[in-house]
Amino acid sequence: MIYNICRALLRGIYKILFRLEAKGLENIPSSGGVLLCSNHISLLDPPTIGILLDRKVHFMAKKELFDIAGFGWLIRQLGAFPVKRGGVSKESIKTSLLLLREGHVMGIFPEGSRQKGDDGGEGKKGAATFALRSDATVIPVAIIGHYKLFRKTRVVYGAPVDLEAFKELKGAEAVEQATEKIMSQISELRKLG
Numbered sequence: 001m002i003y004n005i006c007r008a009l010l011r012g013i014y015k016i017l018f019r020l021e022a023k024g025l026e027n028i029p030s031s032g033g034v035l036l037c038s039n040h041i042s043l044l045d046p047p048t049i050g051i052l053l054d055r056k057v058h059f060m061a062k063k064e065l066f067d068i069a070g071f072g073w074l075i076r077q078l079g080a081f082p083v084k085r086g087g088v089s090k091e092s093i094k095t096s097l098l099l100l101r102e103g104h105v106m107g108i109f110p111e112g113s114r115q116k117g118d119d120g121g122e123g124k125k126g127a128a129t130f131a132l133r134s135d136a137t138v139i140p141v142a143i144i145g146h147y148k149l150f151r152k153t154r155v156v157y158g159a160p161v162d163l164e165a166f167k168e169l170k171g172a173e174a175v176e177q178a179t180e181k182i183m184s185q186i187s188e189l190r191k192l193g
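Next up, the structure:
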């Protein structure tokens, strides 16, 4: 209930302030585990890639945010779960895999931290690891624009990334190649915009 109310409010606010529009929403499956893998340019990105969907999107958030009175409760209601700074804990890995295996949608920023400029950063291996271990559908996402007031910001949801070939590979090689493929798909979407 709280998620639906907040999503509706943010949709309106983002459409007015950032003229937010989406392309490719039809690429997102209506059921089953989905991993949204997006570029990361701002603190505003998590709601940006989630509010346009009809499904609830879960995100990792810094553990410290959950210690803020009231705010921690709110972000839990909005689908966030804690992760320790400086690395992903076993608990957050378990939570991520459980969410995906149970058929939920999770958003992740493979670059890890926000990136300045239009080239993006190098992908970390978490997104590919979650995808390969959960069999979730991977949807590349590109946020195009810079959240300038009353200027257009666009979210492009690409076709699912085919990671089938990497499931036959072992360990680090599979994760590395899958990461490269996910990042190249995000990069392509940013160029096509």
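Heads up: the sequence shown is residues 1 to 193, going by UniProt numbering. Heads up, the beta-carbon is just placed ideally off N, CA and C, and yes, glycines get one too.
Please report the straight-line C-alpha distance between residue i and residue j, rounded to a whole angstrom.
{"i": "residue 151", "j": "residue 44", "result": "15 Å"}
{"i": "residue 105", "j": "residue 89", "result": "20 Å"}
{"i": "residue 76", "j": "residue 171", "result": "33 Å"}
{"i": "residue 99", "j": "residue 128", "result": "15 Å"}
{"i": "residue 175", "j": "residue 164", "result": "12 Å"}
{"i": "residue 8", "j": "residue 24", "result": "20 Å"}
{"i": "residue 54", "j": "residue 134", "result": "22 Å"}
{"i": "residue 185", "j": "residue 158", "result": "8 Å"}
{"i": "residue 12", "j": "residue 162", "result": "34 Å"}
{"i": "residue 160", "j": "residue 108", "result": "15 Å"}
{"i": "residue 68", "j": "residue 169", "result": "43 Å"}
{"i": "residue 111", "j": "residue 173", "result": "19 Å"}
{"i": "residue 19", "j": "residue 10", "result": "12 Å"}
{"i": "residue 1", "j": "residue 122", "result": "37 Å"}
{"i": "residue 71", "j": "residue 65", "result": "7 Å"}
{"i": "residue 56", "j": "residue 29", "result": "13 Å"}
So who's on the other strand from residue i, going by DSSP bridges?
{"i": "residue 107", "result": "36"}
{"i": "residue 59", "result": "80"}
May I ask which residues mark the beginning and end of the beta strand (DSSP E) holding residue i?
{"i": "residue 129", "result": "Where residue 129 is concerned, there is no enclosing beta strand (DSSP E), although the alpha helix (DSSP H) it sits in stretches over 126-134."}
{"i": "residue 82", "result": "80-83"}
{"i": "residue 157", "result": "154-157"}
{"i": "residue 172", "result": "Counting along the chain, residue 172 falls outside any beta strand (DSSP E), though it belongs to the alpha helix (DSSP H) covering 171-192."}
{"i": "residue 140", "result": "137-144"}
{"i": "residue 23", "result": "21-23"}
Just checking my contact of residue i with residue j at CB under 8 Å: how many whole Å lie between their CB atoms?
{"i": "residue 136", "j": "residue 50", "result": "Actually they do not touch by this definition, with Cβ atoms about 16 Å apart."}
{"i": "residue 130", "j": "residue 35", "result": "6 Å"}
{"i": "residue 147", "j": "residue 38", "result": "Between residue 38 and residue 147 the Cβ distance is about 14 Å, and since that is not below 8 Å, they are no contact."}
{"i": "residue 14", "j": "residue 48", "result": "7 Å"}
{"i": "residue 149", "j": "residue 17", "result": "6 Å"}
Can you tell me where the alpha helix (DSSP H) with residue i in it begins and where it stops?
{"i": "residue 4", "result": "2-17"}
{"i": "residue 92", "result": "90-101"}
{"i": "residue 50", "result": "45-50"}
Would you check if there are 3 or more beta carbon pairs closer than 8 Å linking the segment 91-98 to the segment 153-172?
no
Pair every Cβ in the segment 141-151 with every Cβ in the segment 179-193, then say whether three or more of these pairs are closer than 8 Å.
yes
Inter-stretch contact (C-beta, 8 Å, three-pair minimum) for the segment 51-62 and the segment 78-85:
yes
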